Amino acid sequence: MYTFSSKLKTFSFVLMAVGLLGIGYGFLTAPKDIQDVEKILAADAHGSHHEASGESEGAHAVSAEAKVKAEAEHAEHLTHVLHQLENKPWSALYVACIFFMLLSLGTLVFYGIQQVAQAGWSPVLFRVMQGITAYLPVGSVIFFIFLILCGLHFNHLFIWLDPEVVAHDKIIANKSGYLNFPFWIVRAAVFLAGWNAYRYFSRKNCLAQDESDDNSFYKKNFNISAMFLVFFIVSESIMSWDWIMSLDPHWSSTLFGWYVFASFFVSGITMIAMVTIYLKSRGYLENVNTSHIHDLAKFMFGISVFWTYLWFSQFMLIWYANIPEEITYFVMRIQVYNLPFFGAVVMNFLFPVLILINTDFKRITWILVMAGIVILLGHYIDFFNMIMPGTVGGSWFIGVSEIASVLFFLGLFIFVVFSALTKAPLLPKRNPYIEESKHFHY
Amino acid sequence: MSNKVIYAIYNDDDILMDAVKKTRAAHHHIEEVFTPFPVHGLDKAMGLAPTRLAICAFIYGLCGLSFGTWMMNYIMIQDWPQDIGGKPSFSYIDNMPAFVPIMFEETVFFAAHLMVITFYMRSRLWPFKEAENPDVRTTDDHFLMEVAVNNNEEELVSFFEGTGAVEVKVIEKH
């Protein structure tokens, strides 16, 4: 049995506390009205736009009419920036919240695939995977509350939730049969409930199998895993439109579901590898050998390439077709989010491919940990790129809100996952493939 | 010095693996093992040096990537620039996304084909080459281990009969 070390527990509490403080600070310091925004912009402009403002002062030929118009535009711009900055702490929270929730969902899917494939190598890792998916119920509840708060207009992340916007926007109005609050929240409830139900029963059966005399619980798990995977792939696609793509309600991409899936799937697998390596370094999981770690590393490598394939496919089709309503999505990301947009490709593709292509490196702990941290950060940034441009637009920066949100959810994640790991033995001893898994050798 | 070798024939890959480990432990020299399909872990059990084919594959891939880059630059930018979809081919970097699939395919093409050729050369295989197979059953369902004999024929025969071999033959090799 695993015992949650007090050091790690304290660490998780510190992360949560620091995160909460930072999140609170982010909300308190968000600008309240146009005057605040003006001050922020003035402070920003002081350094960088000095020359430009000097130039416009020099131009005396500005007519009174143009001046009035410019002032109106200025006020409009200020309101726009105000809305973006008001959204910013909410968006930061949303990115971290959905990232950790989906990461544990990705682990659940990986686990489900192992069950359906009747994989012989992985049963020694089942309890680690179940530990990570223990975060799913917690993450789902927080996420669902967040969605309800969006529906109650605490923020304006989803502009189609605002009837004022829909009234003046034909494209969104045409989609309102699908994009409306009641239908949207019911879908979210059904999906979250479905995933959590699978996680609950699968865990229950896995524990019952330990004490069983036959393989009936194992077979039950096989059946519900197969059903879950079918439910998952449909719900996952719809979920990606609902929770991420609808942040840019004018834009659509047909492979978006796959793209989001690849991102959180590789994050989930990487997290399995990280937790496994941690537990092993503490002397647990004596049956996990370098071949198991090697296989996880292969999945990290392979799904990273898969993510890149989808990233590029989505980009290239839209880039080549160059249709205005589609290309704006990438114009925004390349011009305004240049560093995180291409940085994500470096972190999620170039780095893992170059470092994990070597067979021997896939078994070296410190290289794997380094690659894993880069992959996880890279996919956080990937979610950042998917969400932020639609909610805060040009007013993005990685500040207190963003870092604090990640710290809070990381702390919560560590606390929930490692608490769950203490609840059951780390070896599913009565799994029919457990002997094969123990002796797995490549 | 005699050219005698022992052919120990097995009908199961697990028994073969155990036999290989025992033979190595008893310090008999395994010349070669013939199997109808790849047996996982056999190379390690035999003590063969790790393969360097993967390094070749990586280098071939890089060659393919470079070739693809050069080829698209020559075709689309230098030799015959065209304006496709409002994207005039004046600069390689601006049109690069369109060339990525070709660069990728060239990488795969070079790695795959050159690897096959490398593998044939390394295995000393070429068209119309006569098979070096000592026993046709190793192409069906039997496994054969070839072990050198150094004036210890009797000892080896009884040793291999003890490892679960279905047949042990002593052959004078030419």
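First to last, the sequence lines map onto chains A and B.
The first sequence begins at 1 in full-length UniProt numbering and counts up by one.
The second sequence begins at 1 in full-length UniProt numbering and counts up by one.
Glycine residues also receive a C-beta, built at the ideal position from the N, C-alpha and C atoms.
Being a predicted model, the structure only gives us computed values, none of them experimental.
Taking a contact to require three or more Cβ pairs closer than 8 Å, the region 274-291 of chain A and the region 324-333 of chain A do not qualify as touching. The secondary-structure analysis by DSSP pairs A:L15 with nothing; it has no beta-bridge partner. Measuring C-alpha to C-alpha distances from A:Q84 to each of A:A134, A:I323, A:G394, A:H74 identifies A:G394 as the nearest. When 9 Å is used as the limit between beta carbons, B:F58 is near these residues of chain A: I357, N358, in chain order.
For A:E236, the number of other beta carbons within 10 angstroms of its own is at least 16, and it is reported as buried.
Of A:F4, A:Q118, A:L339, the smallest CA-CA separation from A:S225 is found for A:Q118. At a cut-off of 8 Å, the C-beta of B:P97 has a neighbouring C-beta in chain A.
One Cα belongs to A:V266, the other to A:A197, and the distance between them is close to 23 Å. Residues of the region 311-324 of chain A that bring their beta carbon within less than 9 Å of a beta carbon in chain B comprise F312, F315, M316, W319, Y320, A321, N322, in sequence order.
Residue pairing from DSSP places B:E167 in a beta bridge opposite B:I9. In terms of Cα proximity to A:A424, the closest of A:L15, A:A208, A:F351, A:L368 is A:A208.
Not one beta carbon of chain B lies nearer than 8 Å to the beta carbon of A:H294.
Cα atoms of A:E211 and A:M386: separation of roughly 45 Å, rounded to the nearest angstrom. If you look at A:A119, you'll find it isn't in any beta strand (DSSP E); DSSP assigns it neither H nor E.
In this structure B:G47 is exposed. Its beta-carbon is surrounded by fewer than 16 other beta-carbon atoms within 10 angstroms.
Using a CB distance cut-off of 8 Å, A:H441 counts as an interface residue toward chain B. The beta carbon of A:S140 is closer than 7 Å to those of M101, L192, N196 in its chain, skipping five residues each way along the sequence. Looking at the DSSP output, B:P88 shares a beta bridge with B:D83. With a cutoff of 8 Å on beta-carbon distance, A:F222 and A:V116 are scored as near each other.
Comparing C-alpha distances from A:L285 to each of A:K39, A:S122, A:K7, A:V95 shows the shortest one belongs to A:S122.
Near chain A, meaning a CB-to-CB distance below 7 Å, the residues of the region 98-130 of chain B are A98, V100. Distance between A:P428 and A:C206, taken at the CA atoms: about 7 Å. Those residues of the region 44-72 of chain B placed with their C-beta closer than 8 Å to a C-beta in chain A are A54, F58, ordered along the chain. Counting along the chain, B:M76 sits inside no beta strand (DSSP E), nor does DSSP assign it H or E at all. In the three-state scheme derived from DSSP, where H, G and I count as helix and E and B as strand, A:K429 is classed as coil. The alpha helix (DSSP H) runs of length 4 or more contained entirely in the region 7-48 of chain B are, from start to end of the chain, 13-25, 42-46. Residue environment: A:Q35 is assigned as exposed (fewer than 16 neighbouring CB atoms within 10 Å of its CB, all protein chains considered).
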